[in-house]
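Okay, structure first, notes after.
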Amino acid sequence: MPHTLPKSRLRFEHVQVSPPGQIPGLPPPRLSKTRTKPAWYSGRRSYVRGDLRTHFDQELQRLSGDPKAGMFWTFEDYIESVVLKHGHKLIGWPCDIPFGNLSYVHGGVHVLTRLDTLWTSGALKFIPITEDERIAASVDPYQLAPAPKCAHRKSQGGREDIGCARPRPKTNPYNLALRHPKNGPKTPKYVPAEWDE
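Just so you know, we're using UniProt numbering here: the sequence shown kicks off at 1 and counts up by one.
Shown next as structure tokens:
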């Protein structure tokens, strides 16, 4: 049977950590609480990401009066659904963080926590656009981009049969296995523009 210490003899039981004190000439330390994640999130990153999404959606619903309003994370959808449809734009997004889906933001929980801090401080917020900005957004939407780098919509691929044979309703109506398997096209779904040169 392994030897265990009784509760009264635990090491470091009496040690208490005091909060940091004021250093002359510096602003007082902030004692910010680390957010504890609820049980339904898999990690702290997921919790902060979900919290940010909820804040964006609820604020946009409140400002626009539309209970179905929500934030969109590709540049084209953001311009169509947030700027032109609801008449608001997002200001305060950091220039070094590409605007896009929060699931694909690089940098982990630190970047998401930074965005959350900007949101709670009021630096990152929605403001109404003017009629001139609405006209400018319909002509040149990049004037109202929330950040210099933005995620864009993926273009529709030309083919969906990569790696498989096309259906042949006349010669193979029951979709039986082919004698010689055909693995589909050899080119990728998206062809880069530099291949055309």
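The beta-carbon is built from N, C-alpha and C at its ideal position, and this holds for glycine as well.
- For the pair His152 and Phe75, the CB atoms are nearer than the 8 Å cut-off.
- Scanning Arg49, Pro94, Pro141 and Leu84 for the CA closest to the CA of Pro128 turns up Leu84.
- Look at His88 here: in three-state DSSP terms it is strand.
- Here the stretch 46-53 does not lie against the stretch 87-94, with fewer than 3 beta-carbon pairs under 8 Å apart.
- Taking a cut-off of 8 Å on C-beta distances, the stretch 106-113 does not touch the stretch 129-136, as fewer than three cross pairs fall below it.
- Excluding the 5 residues flanking it on each side, Pro148 has same chain C-beta neighbours closer than 6 Å at Cys95, in chain order.
- The shortest C-alpha to C-alpha distance from Cys150 to any of Pro24, Asp66 and Phe72 is the one to Phe72.
- Annotated three-state conformation of Ile127 is strand, per DSSP.
- DSSP, read as helix, strand or coil, puts Phe99 in strand.
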